[in-house]
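What follows is one structure encoded as structure tokens, with my remarks underneath.
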Amino acid sequence: MIRPFVLLAAAIAALGGLLFGYDTGVISGAILFVNKDFGLKPELSGFVVAVVTIGCIIGAGTAGYFADRFGRRWSLLAAGIIFGIGGLLSAFAPTVATLILARGVVGLAVGFASVVSPLYVSEISPASIRGGLVSLYQLAITVGILAAYIVDVIYARSGDWRMMLGVAVVPSLALVIGMLFMPESPRYLFKVGKMAQAHEELGRIHGEADVDIEEASILESLKIKDIGFAAFKMPDVRFALFIGVGLAVLQAITGINAVIYYGPQIFAMAGIADSGSAIGATAVVGVVNVLLTFVAILSSDRFGRKPLLYLSCSGMLIALVTLAAAFAFGKGGSSLGLIALGSMMLYVGCFAFGLGPIVWVLISEIFPLQARGLGMSISTLSNWVANFVIAQFFIIVVGAVGQAGTFLIFALLVVVTIVFVAKYVPETKRELLEKIRVLPKEPVVS
Ligand code: BGC
Numbered sequence: 014m015i016r017p018f019v020l021l022a023a024a025i026a027a028l029g030g031l032l033f034g035y036d037t038g039v040i041s042g043a044i045l046f047v048n049k050d051f052g053l054k055p056e057l058s059g060f061v062v063a064v065v066t067i068g069c070i071i072g073a074g075t076a077g078y079f080a081d082r083f084g085r086r087w088s089l090l091a092a093g094i095i096f097g098i099g100g101l102l103s104a105f106a107p108t109v110a111t112l113i114l115a116r117g118v119v120g121l122a123v124g125f126a127s128v129v130s131p132l133y134v135s136e137i138s139p140a141s142i143r144g145g146l147v148s149l150y151q152l153a154i155t156v157g158i159l160a161a162y163i164v165d166v167i168y169a170r171s172g173d174w175r176m177m178l179g180v181a182v183v184p185s186l187a188l189v190i191g192m193l194f195m196p197e198s199p200r201y202l203f204k205v206g207k208m209a210q211a212h213e214e215l216g217r218i219h220g221e222a223d224v225d226i227e228e229a230s231i232l233e234s235l236k237i238k239d240i241g242f243a244a245f246k247m248p249d250v251r252f253a254l255f256i257g258v259g260l261a262v263l264q265a266i267t268g269i270n271a272v273i274y275y276g277p278q279i280f281a282m283a284g285i286a287d288s289g290s291a292i293g294a295t296a297v298v299g300v301v302n303v304l305l306t307f308v309a310i311l312s313s314d315r316f317g318r319k320p321l322l323y324l325s326c327s328g329m330l331i332a333l334v335t336l337a338a339a340f341a342f343g344k345g346g347s348s349l350g351l352i353a354l355g356s357m358m359l360y361v362g363c364f365a366f367g368l369g370p371i372v373w374v375l376i377s378e379i380f381p382l383q384a385r386g387l388g389m390s391i392s393t394l395s396n397w398v399a400n401f402v403i404a405q406f407f408i409i410v411v412g413a414v415g416q417a418g419t420f421l422i423f424a425l426l427v428v429v430t431i432v433f434v435a436k437y438v439p440e441t442k443r444e445l446l447e448k449i450r451v452l453p454k455e456p457v458v459s
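Spelled out as structure tokens, the structure:
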């Protein structure tokens with residue numbers, strides 16, 4: 014039986030994902046009007062967009078420390094407050110300098126939330142539904158991206174970029190208020206020695222009957238002391254980091270944000286000439302992204318993480334090769350546009366039930382409690398660095414090797430992902446967090 018309380022806690026924490034999606038997505042529509050209002054040159058305009066990712070890198074890099082030092086709940090509350098401040102500051106920014114600062118602050122919050130939201134959800138989830146609940150966080154990201162897109166379209170008429178950026182204050186407030194009423198993660202409470210409170214929270218999550226096995230397992234795992242960065246000297250922790258960073262980087266360099274951020278441009282390259290249709294096609298892709306995430310929510314705990322990853326990557330591979338072939342051999346015109354739309358729907362749809370959510374699920378599962386905050390921080394940080402590289406270089410690479418070449422590179426990287434999953438990634442479905450082992454036999458790293 015899923016307790017409504019657990020669902021509620023996971024949903025509130027997932028607001029961090031909603032803001033992640035919204036704040037990374039909204040700028041693409043807002044920037045045109047920001048440019049006009051402040052008379053920005055391309056370099057400065059590019060910086061207004063890029064500074065969010067720089068903030069994300071700093072936020073993700075420091076979040077693990079804060080989550081371990083002050084707790085998961087306070088860290089999520091802090092993320093909500095920073096989101097709110099950043100949103101307000103963006104909406105009322107009198108100068109470009111303030112706007113850049115505000116977007117940096119928003120980025121900080123996004124980075125922070127991208128570590129702490131899945132971490133919190135994973136730690137409060139019963140093992141049997143953990144995959145589904147952490148996938149809820151990915152669902153929130155996709156809803157956020159779609160909402161940003163809709164808000165951009167609504168305010169595009171009036172050119173009100175302040176409203177576009179300011180709307181994010183509403184979910185920020187919801188996150189802060191919601192988290193005020195949510196409990197701390199019991200695993201964190203055990204870790205800092207608040208045994209009675211931890212026991213009580215565990216009871217609220219599982220019901221008193223099932224607490225004992227879980228508690229015994231957590232306590233057993235805590236016999237190894239918290240040793241900060243030194244934990245990464247242990248072979249299994251180091252190997253978990255290798256898997257976490259590997260998955261995080263592969264999730265980004267297989268091209269998802271080339272499609273999410275540059276959707277309209279890709280459609281324009283495929284001959285969907287008028288910008289209205291290109292934007293419409295992008296919206297369709299956004300809806301597919303939301304809908305297919307439900308597959309992961311409903312099936313990652315039944316079929317397992319790895320089968321979903323294989324299926325997801327296979328679909329992405331077919332889509333990318335088709336897209337590359339269409340660009341290489343297509344003669345333009347409406348058929349190329351249609352193939353592009355079909356391929357992008359297939360690509361994003363397959364990402365949405367596999368490589369998108371499952372990477373976050375696994376990153377939140379593979380580290381032992383002592384190294385979870387730091388491990389997730391470093392993995393997530395790598396995801397943002399890789400995202401930054403893709404966002405900066407996608408158009409340049411297209412210029413250098415052409416569209417077909419670029420999509421083939423992504424296809425190749427999807428093949429690398431499949432091999433990586435087969436070779437290194439453990440199956441974690443329905444396993445207690447403390448029982449998850451990344452090294453099944455003897456350590457391979459010493
Ligand atoms: C990725 C984001 C991406 C989003 C798309 C997330 O899992 O980390 O970079 O924009 O999925 O839905």
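Numbering (the working numbering), first residue to last: 14 to 459.
The C-beta atom is built at its ideal place from N, Cα and C for all residues, glycine as well.
Selected residue, minimal CA-CA separation from V258, among A309, G268, V398, A424: Looking up residue 258 in the sequence shown gives position 245. Of the candidates A309, G268, V398, A424, the residue whose Cα lies closest to the Cα of V258 is V398.
Heavy atom of the ligand BGC within 6 Å of N302 beta-carbon: Within the sequence shown, the letter at position 289 stands for residue 302. Yes.
Spatial neighbours of F244 in its chain, beta-carbon cut-off 6 Å, leaving aside the 5 residues before and after: Position 231 of the sequence shown, counting from 1, holds the residue named residue 244. First, the residue type needs correcting, since residue 244 is Ala and not Phe in the sequence shown. Within the same chain, A244 has close Cβ partners V250, Q383, A384.
Distance between F342 and L375 (C-alpha atoms, nearest Å): As a first step, residue 375 is located in the sequence shown; it is residue number 362 there, counting from the start. As a first step, residue 342 is located in the sequence shown; it is residue number 329 there, counting from the start. Whole-angstrom Cα-Cα distance: 39 Å.
I391 Cβ short of 6 Å to the ligand BGC heavy atom set: Translated into the one-based positions of the sequence shown, residue 391 becomes position 378. Taking 6 Å as the cut-off, one finds no heavy atom of the ligand BGC near enough to the beta carbon of I391.
Residue burial classification, P17 (beta-carbon count within 10 angstroms, cutoff 16): Mapped onto the sequence shown, residue 17 falls at position 4. By the 10 Å Cβ count, P17 comes out exposed.
Separation of I449 from I256, as counted between CA atoms: Taking the sequence shown and counting its residues from 1, one reaches residue 256 at position 243. Taking the sequence shown and counting its residues from 1, one reaches residue 449 at position 436. Each residue's alpha carbon lies about 13 Å from the other.
heavy atom of the ligand BGC below 6 Å from T155 C-beta: To locate residue 155, count along the sequence shown from 1; it is residue 142. Yes, the Cβ of T155 comes within 6 Å of a heavy atom of the ligand BGC.
G317 CB to nearest heavy atom of the ligand BGC below 6 Å: As a position in the sequence shown, residue 317 is number 304, starting the count at 1. No, the ligand BGC has no heavy atom inside 6 Å of this Cβ.
Segment limits, alpha helix (DSSP H) that includes K49: Position 36 of the sequence shown, counted from the first residue, corresponds to residue 49. Its alpha helix (DSSP H) spans residues 40-51.
Where the alpha helix (DSSP H) containing D314 begins and where it ends: What you label residue 314 is simply residue 301 of the sequence shown in a count that begins at 1. Where D314 is concerned, the enclosing alpha helix (DSSP H) stretches over 288-316.
I269 beta carbon near the ligand BGC (any heavy atom closer than 6 Å): Here the question's residue 269 lines up with position 256 in the sequence shown. Answer for I269: yes, Cβ within range of the ligand BGC.
CB contact below 7 Å: V258 versus chain B: Here chain B cannot be found, since the structure has a single protein chain.
Whole-number beta carbon distance between Y35 and A161, since they are thought to touch under 8 Å: Here the question's residue 161 lines up with position 148 in the sequence shown. Here the question's residue 35 lines up with position 22 in the sequence shown. Between A161 and Y35 the beta-carbon gap is near 5 Å, inside 8 Å, which marks them as a contact.
Alpha carbon of G179 to alpha carbon of R217, nearest angstrom: Within the sequence shown, the letter at position 166 stands for residue 179. Within the sequence shown, the letter at position 204 stands for residue 217. Distance between the alpha carbons of G179 and R217 is about 36 Å.
I70 CB to nearest heavy atom of the ligand BGC below 6 Å: As a working note, residue 70 is residue 57 in the sequence shown. With a threshold of 6 Å, the Cβ atom of I70 does not count as near the ligand BGC, since no heavy atom of the ligand is closer than that.
Given P248 as reference, the closest of A27, L21, V451, G30 once Cα atoms are compared: On the sequence shown, position 235 is the one that residue 248 refers to. For P248, the nearest C-alpha among the options comes from V451.
CB of F203 within 7 Å of CB of A209, strictly: Taking the first residue of the sequence shown as 1, we reach residue 203 at position 190. Taking the first residue of the sequence shown as 1, we reach residue 209 at position 196. Not in contact: F203 and A209 (Cβ atoms no closer than 7 Å).
Other residues of its chain near G38: CB distance less than 7 Å, five sequence neighbours each side excluded: Against the sequence shown, residue 38 aligns to sequence position 25. Its chain contains G157, I158, A161, Y162 as the residues whose beta carbon lies nearer than 7 Å to that of G38, once the 5 sequence neighbours on both sides are disregarded; these appear in chain order.
For F406 and A27, the rounded distance between their alpha carbons: Your numbering for residue 27 matches position 14 in the sequence shown. Your numbering for residue 406 matches position 393 in the sequence shown. Inter-residue distance for A27 and F406 is about 30 Å (C-alpha atoms, whole angstroms).
Classification of L90 by the beta-carbon crowding that lies within 10 angstroms, buried from 16 upward: Position 77 of the sequence shown, counting from 1, holds the residue named residue 90. So L90 ends up on the buried side.
4-residue-minimum alpha helix (DSSP H) runs that sit fully inside the region 185-272, ordered along the chain: 199-204, 208-219, 224-234, 248-266, all fully within the region 185-272.
Cβ-heavy atom distance, G369 to the ligand BGC, below 6 Å: As a first step, residue 369 must be located in the sequence shown, where it is residue number 356. Yes, Cβ of G369 sits closer than 6 Å to a heavy atom of the ligand BGC.
S312 versus L304 - alpha carbon distance: Looking up residue 312 in the sequence shown gives position 299. Looking up residue 304 in the sequence shown gives position 291. Going by the C-alpha atoms only, they are around 14 Å apart.
S141 - containing alpha helix (DSSP H), residue span: Residue numbering aside, residue 141 sits at position 128 when the sequence shown is read from its first letter. S141 -> no alpha helix (DSSP H), and no H or E assigned at all.
Of the residues V65, L349, E136, the one placed nearest G99, counting alpha carbons only: The sequence position of residue 99 within the sequence shown is 86, counting from 1. Relative to G99, the option among V65, L349, E136 whose CA is nearest is V65.
For F105 and W174, the rounded distance between their alpha carbons: Start at 1 with the first residue of the sequence shown, and residue 174 comes out as number 161. Start at 1 with the first residue of the sequence shown, and residue 105 comes out as number 92. So the two alpha carbons sit approximately 10 Å from each other.
Residues near E440 in its chain [Cβ-Cβ closer than 8 Å; skip 5 each side]: In the sequence shown, the residue the question calls residue 440 occupies position 427. So the list reads G317, R318, K319, once near-sequence residues are dropped.
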